[in-house]
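For reference, the structure is listed below as structure tokens.
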Amino acid sequence: MLGLGKRDLIFLAVVLALTLAAPVLLNPFAENSGLAQFNAGYPDLMQRIAIFAIFAVGFNILFGLTGYLSFGHAAFLGVGSYSALWMFKLLSLNIIPGIILAVIMGGVFALAIGYVSLRRSGIYFSILTLAFAQMSYNLAYSVLTPITNGESGLQPDLGDPRILDAASSSGSVPPTNIFGLAMSETWKVDFLGRVFQFNAGYYVCGLISVLMFYLALRIFRSPFGMMLRAVKSNQNRLNYTGLNTRPYMLTAFVISGMYAGLAGGLMAAMDPLAGPDRMQWTASGEVVLMTILGGAGTMLGPVLGAGFIKYFENIFSKINDHVLQGWFSVFPHWLQDLLVTIFHPFMGKGWNLTLGLLFMLVVIFLPGGLIEGGNRLMRLTRRRRRDDGPRPSEAPAE
Amino acid sequence: MIKRDFTRRGLLKTGSVAAAGLALPTIFTSRASAFTNEPKGSTVTFGFNVPQSGPYADEGADELKAFQLAVKHINGEGDGGMLSTFSSKVLDGTGLLGKKVAFVTGDTQTKTDAARASAKSMIEKDNVLMISGGSSSGVAVAVQSLCQEAGIIFMAGLTHSNDTTGKDKKRNGFRHFFDAYMSGAALGPVLASMYGKDRKFYMLTADYTWGWTQAASMKSFMEKEGWQMVTDVRTPLAATDFSSYLAPVISSGADVLILNHYGGNMVNSLTQAVQFGMKDKQVNGKTFEIVVPLISELMAKGAGKNIAGIPGSSNWNWKLQDAGTKAFVQSYGKEYGVPPSQAAQTCYVQTLLYADAVTRAKSFNPCSVVEALEGYKFDGLGNGPTLYRAADHQCFKDVLVVTGNEKPENEYDLLNVAQITPVEKVMYEPDNEFFKGGDLGQCNPGA
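From first to last, the protein sequence lines are chains S and D. Residue numbering for the first sequence follows the working numbering, starting at 222 and increasing by one per position. Residue numbering for the second sequence follows the working numbering, starting at 686 and increasing by one per position.
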């Protein structure tokens, strides 16, 4: 079914099930317990994880398959956000036209930037994409202020035309929606002291990300994907056999640009504000980090990486000294102060430091990313169970 | 190879799966509640969203200290600070409507995206009723509109752009801090009497909403005094090296440099300007002067002795002699060992004002709080008699013109209050050209 083999189909079903159950799975701790701090099952974070999963999966089509490291993918994300927002302002707060334009504009920008950048490979390609992204950032930040509203970011306004929407009488900007279903609509369920939040916006992001995951899976398994892998393993050899690899490269670049545009459009749809920060080189670096942390070239790796980094950014950054003092309040006063002093640089605003350390550990000990860690663990348990039995055939980490 | 199995059966299967997926979200509907995050337990939570990194990190750290102090005082811990001098006496140190106040903090990184993410998680995960903070007008404007959409109250911290209560004003948002227009109105006459009427000025401006409105206000008020603008150069907020922007200043024929910079930006640009020897230059037969329209104690501390003699404006200064200021400085000093900055004062006052409004309205409903704050007159919070104007949710009070201290007696004695400009001089109509175009909209209780 769906043009997939049995293994892939089961894999896709598992991903779909995890996506649908995420609001429950990510909220394992009771509301009033001290561990509630670590719950991640609230709409904003889940939306972000789904959106960045799309971004990283798209980036992985380029980086994982061809090995071309683009350092400017955030530009397409930003372009997608701005296009979606202009659709919200001019046409309608229904997110569909906005997302469609975001994908198209992501593709158009990727075509233009890819056409120039793909003339070079390796480090020169990375630097070219970085330069283009930084140019886009500066354009958005100051030169194109009338279109982008500069640093403050673009947002829907009461005075916008929105020609497809009925005039609102409520005196405030209505929320973004799909045919009337607001993205901010949340259905809360109390269950054993846990509050599960089922949010419309999350399910839109989640289902689109499963769809995009499926598309990427098809690309990975297709002859086109095979050709991209061939580029990664030896581009010169391909050229000598008389094959022109550039159309393949450009297609891969545009596809991953459209993924980024889609992610940007969804970001704007979930939270209608587009600032230039999301085009900065740090944002481009973040998606590289996600892909490598999770496992470049694998299907699930970028998704894991995206979830991991977004979780750190949103959960660890909120652990301040006050919370730390609460944790260590069982200890005598001097020990409490000492522990707070030790943990202080790694928590709160220092979450980047913790993430950096973890990233180093992963790159040094698990070069294949978190996926490799998972595979090793699986192999270890299987070997123990079967003891001296025949070794299971090693499946590629996909 | 691609499996091409577009059979009738395959198509039907795929179609039904897709349809089920698309139909799913419509099942969910919202749970009824009077307003967003209606408190059900024995605590209410405030969200303090301040920059802990980036050019405004110093201000953010000071704001956070003030917020914590305010929460302590509302909960009846510590010495009570300004609660004893506040003209409204309904806050008695027993929390809010019988509930203890708790708080969560977040890092805005001085970026709109990060600030929105942090604020959203406060609203959705921590169930906050009110968010305060800022330290960058771009962030304040973005978070204010988020709070309006979500249906909670935003008590702006340090934000000085005209737009916060001008074209981007919102019914659920309130600002105690003064704005760029008031700075210009207070500084114009003072600068003209200090440096004469025949001056040419060059501006460096932080490139975002605050810088834009600050530059526009300064230009308007200085031209009214007969000064001429040479040019206005925009600098990125994230910049740390301003030498390339400063190099053309002296040869441009200008004899005054106006730095529309704040926080770390201003510390760097002023220090570099002084290193260029600008303070001792003679241009057009006059001494070259530097003006920083918005000055804070933290910036003065960062700039060190370079701040000596530099004029600017402030919302508040710890050296003021009224009872409210004295009580706050004493309380803050006892807690942290240093005098508070103007950022700390405005954040402390905003938290008290919110708590007071909730208590007077006897409800946490944002619409009742809005009603209690609109047109509210109060005193005893360090700025003299103050009005929260209903038309734009802006506080009107006296503005301080300060100058950098030439001979500081200690490390905190950095700014002198040169003049207190009375509120009538800085008052404006809500439809003033710098503020028009916005619409408060309706109050939104969410849910």
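A virtual CB, placed ideally from N, CA and C, is assigned to each residue, including glycine.
Can you tell me whether residue i is buried or exposed, with buried defined as 16 or more other CB within 10 angstroms of its CB?
i         : result
Tyr461/S  : exposed
Ala242/S  : exposed
Glu908/D  : exposed
Leu582/S  : exposed
Ile384/S  : exposed
Asn315/S  : buried
Leu256/S  : exposed
Asp1139/D : As shown, chain D starts at 686 and ends at 1132. That puts residue 1139/D outside it, with no answer to give.
Arg716/D  : For Arg716/D, the pLDDT reaches just 46, beneath the cut-off of 50, and the residue's location in the model is therefore unreliable, although a value from the coordinates is still provided. So Arg716/D ends up on the exposed side.
Pro382/S  : exposed
Lys1110/D : exposed
Lys227/S  : exposed
Gln546/S  : exposed
Leu551/S  : According to the sequence displayed, residue 551/S carries Val and not Leu. So Val551/S counts as exposed.
Lys570/S  : buried
Taking residue i as the reference, which of the options has the closest Cα?
i         : options                                       : result
Gln829/D  : Val813/D, Asn847/D, Asp811/D and Arg801/D     : Arg801/D
Gly414/S  : Ile368/S, Glu252/S and Pro264/S               : Glu252/S
Gly446/S  : Ala421/S, Phe549/S, Leu598/S and Thr472/S     : Thr472/S
Ile1105/D : Phe1119/D, Leu1125/D, Cys1080/D and Asn1068/D : Asn1068/D
Pro244/S  : Gly262/S, Gly293/S and Gly301/S               : Gly262/S
Ala1082/D : Met1112/D, Ala1057/D and Thr850/D             : A small fix is needed here, since residue 1082/D is Lys in this sequence, not Ala. Taking only the C-alpha atoms, the option nearest Lys1082/D is Met1112/D.
Tyr1021/D : Trp897/D, Gly1126/D, Ala932/D and Glu748/D    : Glu748/D
Arg269/S  : Gly595/S, Ile325/S, Arg499/S and Gly589/S     : Arg499/S
Phe1013/D : Ala1103/D, Leu1037/D and Gln833/D             : Leu1037/D
Val915/D  : Ser928/D, Thr925/D and Ala900/D               : Ala900/D
Met867/D  : Asn722/D, Gly997/D and Asn1002/D              : Gly997/D
Tyr358/S  : Gly401/S, Leu379/S and Gly299/S               : Gly299/S
Ser999/D  : Glu809/D, Gly823/D, Asn722/D and Asp864/D     : Asp864/D
Phe276/S  : Gln546/S, Gly288/S, Ala495/S and Gly526/S     : Gly526/S
Ala988/D  : Ile935/D, Glu910/D, Leu931/D and Glu1096/D    : Glu1096/D
Leu432/S  : Lys310/S, Val329/S, Asp558/S and Ala274/S     : Ala274/S
Trp408/S  : Phe862/D, Ser878/D, Phe961/D and Glu809/D     : Glu809/D
Please work out which residues of its chain come closer than 7 angstroms, Cβ to Cβ, to residue i, disregarding the five sequence neighbours upstream and downstream, and give them in chain order.
i        : result
Ala891/D : Thr920, Leu922, Asn945, His946, Tyr947 and Asn950
Ser738/D : Asp792 and Gln794
Asp386/S : Ser313 and Leu314
Pro634/D : Outside the displayed range of chain D (686 to 1132) lies residue 634/D, so it cannot be described from this structure.
Among residues of its own chain, excluding the 5 on either side of residue i, which ones have a beta-carbon nearer than 6 angstroms to its beta-carbon?
i         : result
Ala825/D  : Gly819, Ala841, Thr844 and Thr849
Gly1065/D : Thr770, Phe771, Ser772 and Gly1009
Ala751/D  : Ala1029, Cys1032 and Tyr1033
Val410/S  : Phe417
Met963/D  : Phe973
His758/D  : Gly765, Gly766 and Leu768
Gly1060/D : Ala1075
Asn1117/D : none
Would you say residue i and residue j are within 8 angstroms of each other, going by their C-beta atoms?
i         : j         : result
Asn857/D  : Phe886/D  : no
Ala1132/D : Ala719/D  : yes
Ser1016/D : Gly766/D  : yes
Val786/D  : Phe733/D  : no
Met479/S  : Gly327/S  : yes
Ser477/S  : Leu351/S  : no
Thr898/D  : Asn847/D  : yes
Ile943/D  : Val976/D  : yes
Leu233/S  : Leu225/S  : yes
Pro497/S  : Thr369/S  : yes
Phe788/D  : Tyr1073/D : no
Ala517/S  : Gly590/S  : yes
Ser822/D  : Asp265/S  : no
Gly422/S  : Met448/S  : no
CB-CB under 8 angstroms to residue i, same chain, minus the five flanking residues each way: which ones, in chain order?
i        : result
Leu574/S : Pro566 and Phe567
message: For the stretch 511-524 of chain S against the stretch 328-347 of chain S, do three or more pairs of beta-carbon atoms, one drawn from each stretch, fall closer than 8 angstroms, so that the two count as touching?
response: no
message: I'd like to know if the stretch 472-487 of chain S and the stretch 313-321 of chain S are in contact, where contact means that at least 3 CB-CB pairs between them fall below 8 angstroms.
response: yes
field: Segment contact, 8 angstroms Cβ cut-off, at least three pairs: the stretch 871-879 of chain D with the stretch 773-781 of chain D
entry: no
task: Say whether the stretch 983-992 of chain D touches the stretch 1070-1082 of chain D, bearing in mind that this needs 3 or more beta-carbon pairs closer than 8 angstroms, one atom from each stretch.
output: no
message: Under 8 angstroms, with one C-beta from each stretch per pair, do the stretch 360-370 of chain S and the stretch 509-516 of chain S reach the 3-pair mark?
response: no
message: Is it the case that the stretch 1083-1101 of chain D contacts the stretch 1042-1061 of chain D, given that we only count it when at least three CB pairs across the two stretches are under 8 angstroms?
response: no
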